[in-house]
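Notes to accompany the following structure.
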Amino acid sequence: MKQIKSKERGFASPLTIIVVLTSLVLVILLAAIGLTYKRWEGQAPEIAFDRDFKTLGRTAAIGLTISDPGNGLKQVTIRLKQGEQEVVLAGDAFDRSETTGTRSYEIGKLITEKQKIQPGPASLLINASDHSFRNFLRGNQAEIAKEFQFDLEPPRLELLPGQHYINQGGSESVVYRVSEDTEVSGVQVGPNFFPGFPLKSADANTRFALFAFRYDLPADTPVKVVARDAAGNETTAQPWQKVFPKQFRTRDIVLEDNFVQKVVPEVLSHTPSIQEQGELVKTFVEINSNLRRKNHETIANMSKESGGEFLWKDAFLQLSNSQVEAFFADRRTYLYEGKQVDQQDHVGFDLSVVRHYPIEAANDGKVILAEYFGIYGNTVLIDHGVGLISLYGHMSSIDVKPGQTVKKKDALGKSGETGLAGGDHLHFGLFLQGIPVNPTEWWDAKWIKDHVLDRLKPSSE
Ligand SMILES: [Zn+2]
14 MKQIKSKERG FASPLTIIVV LTSLVLVILL AAIGLTYKRW EGQAPEIAFD
64 RDFKTLGRTA AIGLTISDPG NGLKQVTIRL KQGEQEVVLA GDAFDRSETT
114 GTRSYEIGKL ITEKQKIQPG PASLLINASD HSFRNFLRGN QAEIAKEFQF
164 DLEPPRLELL PGQHYINQGG SESVVYRVSE DTEVSGVQVG PNFFPGFPLK
214 SADANTRFAL FAFRYDLPAD TPVKVVARDA AGNETTAQPW QKVFPKQFRT
264 RDIVLEDNFV QKVVPEVLSH TPSIQEQGEL VKTFVEINSN LRRKNHETIA
314 NMSKESGGEF LWKDAFLQLS NSQVEAFFAD RRTYLYEGKQ VDQQDHVGFD
364 LSVVRHYPIE AANDGKVILA EYFGIYGNTV LIDHGVGLIS LYGHMSSIDV
414 KPGQTVKKKD ALGKSGETGL AGGDHLHFGL FLQGIPVNPT EWWDAKWIKD
464 HVLDRLKPSS E
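Under the numbering used here, the first residue of the sequence shown is numbered 14, with each subsequent residue one higher.
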């Protein structure tokens, strides 16, 4: 009866009510999901070390980055486990309002702050979650466990006996032996590092390094041989050394209008990266300072590609019949209308013979650049191996190509006055791992024998 009554009163049937309610719930659900759909993404945070490692030392430089570009990080925990001990290195919780897309941790620093480490196996356990609604609102989870060894033992380093008489602005070589765990070794002279290479004529753990004592470093700058293992442990040793200070020349260069008018437009036309500075003389200074620096940086970068073998033999060649017009490391003060506008060091030799004189390769090697090269105009660079590069600048024409192997005295092209040159001459420069070195030593057969070749000879043991 009741059912009939309700029907009579115009009420909906129970079925209709269920349909309406279900639809309503669905609409609300869809609306809720629609409004919060971004919170339902399923991408877990990403955990990444800045490099792979199997060992860590006492002061390991290792970075960890955890990122979640979706909803941002909610929680990060970093634990270090060694034996029975477990230490929380970091336990962070982040509000959604914070901008926590990415967090970086210096693992090495956290370890030294929180834990007294023991040599041997250890593991880093890292987990992170984000502000997603997934996993019953707990967020997407990411977890990694990184197993490694704590290595607190620095590599062994033994210098082969030798006395090192070094000229300021000059070069030198050193031979040493390292233990097998050594990953990087070489010579540190002030801010400059010169990598060591295996010495082929000796056992597998013997290394040699050619290094330069930059002309503008104080004569008391220590020379240190360094050996580093994969864990970052370092051993250093100081060879017996005596550095001879050198007095370099100073020269005033008076900038004449016709010189500036000749060189500036030419360099600009070959170097789109240089901005005109309004007045020609200002653009000259921009070229003379910034382009000079960039050219030398390019050489330093190219020397990283140089292999560990000498491509050259015996003394380097000074351009035949040439007259020296300017010396290595001359300090040049540039004057315009009586005022100093710039000061730069001339890191090579200016050699002149006659106009369009054939330019000869100073020694055997491989051509790595043969084109217009900033302040040096038409230039050839030759890689002689072990980071030693020779430069031939201001040429009028170039007859070699990059990749070409050349022999000592081979013709590279003709002398000229391209780039920052006032007259026809060759600018000859030598760079060791990008550091300009005095060519006089490399032109001297006796110096090469005493300071390089004899040192690298197989020992009589
Ligand atoms: Zn020059």
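Virtual Cβ for every residue (Gly too), placed ideally from N, Cα, C.
Euclidean distance between Cα positions of residue i and residue j
i           : j           : result
residue 390 : residue 414 : 16 Å
residue 313 : residue 154 : 45 Å
residue 220 : residue 213 : 9 Å
residue 259 : residue 162 : 48 Å
residue 17  : residue 35  : Any answer about residue 17 is weak, because its pLDDT of 48 lies below 50 and its placement is not dependable; what the coordinates show is given next. When rounded, the distance between both Cα atoms is 25 Å.
residue 180 : residue 172 : 21 Å
residue 203 : residue 57  : 46 Å
residue 454 : residue 465 : 11 Å
residue 441 : residue 63  : 42 Å
residue 129 : residue 200 : 32 Å
residue 292 : residue 335 : 36 Å
residue 142 : residue 114 : 12 Å
residue 449 : residue 347 : 21 Å
residue 95  : residue 196 : 25 Å
residue 194 : residue 238 : 16 Å
residue 88  : residue 140 : 8 Å
residue 137 : residue 111 : 26 Å
residue 248 : residue 396 : 31 Å
residue 431 : residue 121 : 52 Å
residue 265 : residue 315 : 32 Å
residue 379 : residue 326 : 13 Å
residue 469 : residue 257 : 23 Å
residue 451 : residue 444 : 9 Å
residue 158 : residue 135 : 10 Å
Beta-ladder partner(s) of residue i, from DSSP
i           : result
residue 149 : BP columns for residue 149 are empty, so no partner.
residue 325 : Residue 325 is not bridged to any residue.
residue 476 : Past the boundaries of the shown model lies residue 476; the chain is included only from 14 to 474, so the question cannot be answered.
residue 301 : Residue 301 is not bridged to any residue.
residue 128 : DSSP output for residue 128 lists no bridge partner at all.
residue 391 : 385 and 408
residue 105 : 89
residue 154 : 142
residue 242 : 195
residue 118 : 77
residue 189 : 172 and 220
residue 136 : 94 and 160
residue 225 : 184
Any non-hydrogen atom of ligand 1 within 8 Å of residue i CB
i           : result
residue 390 : no
residue 362 : yes
residue 387 : no
residue 70  : no
residue 481 : Summary: the structure shown does not reach residue 481, with the chain confined to residues 14 through 474, and so no result is reported for it.
residue 406 : yes
residue 217 : no
residue 342 : no
residue 339 : yes
residue 309 : no
residue 397 : no
residue 464 : no
residue 438 : yes
residue 359 : yes
Proximal residues to residue i (C-beta, below 7 Å), its chain only, five neighbours per side dropped
i           : result
residue 14  : For residue 14, the predicted model reports a pLDDT of 44, less than 50, meaning its position is unreliable; a value from the coordinates is still stated below. Around residue 14: no qualifying Cβ.
residue 244 : 68, 69, 70, 73 and 164
residue 340 : 262 and 362
residue 31  : none
Same chain only: Cβ atoms within 6 Å of residue i, ignoring 5 sequence neighbours per side
i           : result
residue 342 : 182, 228, 261 and 358
residue 78  : 61 and 117
residue 329 : 375, 376, 455 and 456
residue 169 : 192
residue 100 : 93, 127 and 128
8 Å Cβ shell around residue i - same chain, five flanking residues per side excluded
i           : result
residue 55  : 145, 147 and 153
residue 474 : Its pLDDT being 42, under 50, residue 474 is placed unreliably in this model, and the value from its coordinates should be taken loosely. Same-chain partners within the cutoff: there are none.
residue 177 : 185, 187, 236, 252, 253, 254 and 255
residue 20  : Residue placement at residue 20 is poorly supported in this model, since its pLDDT is 49, which falls under 50; the coordinates still yield a value, given next. Within the same chain, residue 20 has close Cβ partners 26.
residue 287 : 280, 281, 296, 299, 300, 303 and 304
residue 408 : 372, 390, 391, 392, 393, 425, 426, 427, 428, 429, 431 and 439
residue 49  : 146
Short CB-CB distance (under 9 Å) between residue i and chain B
i           : result
residue 336 : The chain inventory of the structure shown lacks chain B, comprising one protein chain alone.
> Taking only runs of the beta strand (DSSP E) that begin and end inside the segment 394 to 459, which ones reach a length of at least 3 residues, in chain order?
Replying inline: 401 to 408, 424 to 427, 439 to 445 and 448 to 450
> Which whole runs of the beta strand (DSSP E) in the segment 156 to 185 are 3 residues long or more, in chain order?
Replying inline: 170 to 172 and 176 to 180
>> In chain order, what are the residue ranges of uninterrupted alpha helix (DSSP H) at least 4 long that sit wholly in the segment 21 to 98?
In response: 27 to 49
> Can you list the beta strand (DSSP E) stretches of 3 or more residues lying completely in the segment 305 to 381, in chain order?
Replying inline: Qualifying beta strand (DSSP E) stretches, in chain order: 336 to 339, 343 to 349, 352 to 359, 362 to 365 and 371 to 373.
>> As an exercise, report each continuous alpha helix (DSSP H) stretch of at least 4 residues that is fully enclosed by the segment 245 to 277, in chain order.
In response: Correct list: empty.
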